[in-house]
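In full-length UniProt numbering, the protein residues as written are 1 to 166.
Note that CB positions come from ideal geometry on N, CA and C, so glycine has one too.
Please read all numbers here as calculations on a predicted model, not as lab measurements.
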Amino acid sequence: VVMLLTIAIILGFGALEIGTGAITPGTLIAMIFYVIQLSMPLINLSTLVTDYKKAVGASSRIYEIMQEPIEPTEALSESKDVTIIDGELVFEHVDFKYDVKKILEDVSFSIPQGEVSAFVGPSGSGKSTIFNLIERMYDIERGDIKYGNQSIFDIPLSKWRTKIGY
């Protein structure tokens, strides 16, 4: 917008100067090209500043993620010994909280093997949290989650996650 306004002003004054014979039309066109050539680096500079601010924000978020605790690794021999027996998925009196905010309290349900179930509720009611707990993204505070009569916390994480699909 500023560049177009500048060109319009130059055209206006240039037309007046051409009318008085002070400059030629070629001089006016040359001036317009010079203004465009000078303004492009300034426009690029403002874009650079914006991109820099975005990069700083993104890198600070990446730094925060890198500071998160690493998931525990399990010994290879441990993952070879466990056999996962298919069966129903059962939540038994599960409690979970984020920091101090309790999200799930004494939640119990079972999903029979081969059945399709849906979790329905308003935003913030714990639907995503249930899936995060099934995936073992977080540890529960109380209770147990079982799959085929076996606690999912006794199954090595790498083996357990091979059983999960969306």
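- The criterion of a C-beta distance shorter than 7 Å is not satisfied by residue 130 and residue 84.
- For the pair of segments examined, the region 89 to 103 was found to touch the region 138 to 146: the number of CB pairs separated by less than 8 Å reaches three.
- Beyond the five residues adjoining it in sequence on each side, residue 106 comes within less than 6 Å, by CB distance, of 93 in the same chain, given in chain order.
- In the DSSP assignment, residue 161 falls within the alpha helix (DSSP H) that extends over 157 to 161.
- Unbroken alpha helix (DSSP H) runs of no fewer than 4 residues, entirely contained in the region 61 to 134, are found at 76 to 81 and 127 to 134, following chain order.
- Cβ-Cβ separation between residue 82 and residue 159: approximately 6 Å, consistent with a contact (criterion under 8 Å).
- Residues of the same chain with a CB within less than 6 Å of the CB of residue 145, apart from the 5 flanking positions on each side, are 91 and 152 in chain order.
- In this structure, residue 65 lies away from residue 89, with their beta-carbon atoms at least 7 Å apart.
- Between the alpha carbons of residue 50 and residue 150 lies a gap of roughly 53 Å.
- Within 10 angstroms of the beta-carbon of residue 34 lie fewer than 16 other beta-carbons, which makes it exposed.
- Put simply, the backbone Cα of residue 20 is about 15 Å away from that of residue 10.
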